[in-house]
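Counting from 33, one number per residue, gives the positions in the sequence shown under this note's numbering. Even glycine gets a Cβ: it sits at the ideal position worked out from N, Cα and C.
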Amino acid sequence: MLFWLPLIGPLVAGFVVGKRAGGIGAGIRAAILPAILVGSLMFALATMLTGIPVLGVVAGMGGLALAFSLVGPLLLGAVIGGVFA
């Protein structure tokens, strides 16, 4: 329910993830995993679904960059939550 808050939502979600994971390292892994999965899936689907493979690679890299740009506050929250765990 925190998706509509641009900075605070991922920060709170990362805090919860870091606290539930039980440590800083596990919190970081749990925060990065969704970005890797979503970015890789967007990259693969964009490459497969376009008729021109080069265009699909460019679109897929954009999706990958978008997924990784949203992980910053989530990662910071996971580190803070891991410290409090």
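Using only the heavy atoms of the ligand ZN, determine whether one of them is closer than 7 Å to the beta carbon of residue i.
i, result
"Arg-52", "The ligand ZN is not among the ligands present in this structure, which contains no ligands whatsoever."
Could you please give the first and the last residue of the uninterrupted alpha helix (DSSP H) stretch that includes residue i?
i, result
"Gly-71", "56 to 81"
Going by C-alpha to C-alpha distance, which of the options sits closest to residue i?
i, options, result
"Ala-17", "Met-74, Leu-96, Phe-47", "Because the chain is modelled from 33 through 117, residue 17 falls outside the range shown and cannot be assessed."
"Phe-116", "Trp-36, Val-49, Pro-42", "Val-49"
"Gly-8", "Val-111, Gly-59, Phe-75", "Residue 8 lies beyond the range of the chain shown here (33 to 117); nothing can be said about it."
"Leu-37", "Gly-114, Ile-112, Leu-106", "Leu-106"
Would DSSP call residue i helix, strand or coil?
i, result
"Val-48", "helix"
"Ala-117", "coil"
"Pro-42", "helix"
"Val-90", "helix"
"Ile-112", "helix"
"Leu-98", "helix"
"Leu-107", "helix"
State the CB to CB distance for the pair residue i and residue j, rounded to an integer number of angstroms; the pair is presumed to be in contact (CB under 8 Å).
i, j, result
"Ala-175", "Val-103", "Nothing about residue 175 can be read from this structure; the chain reaches only from 33 to 117."
With a threshold of 8 Å, are at least 3 pairs of Cβ atoms found where one atom belongs to the segment 95 to 102 and the other to the segment 69 to 83? yes
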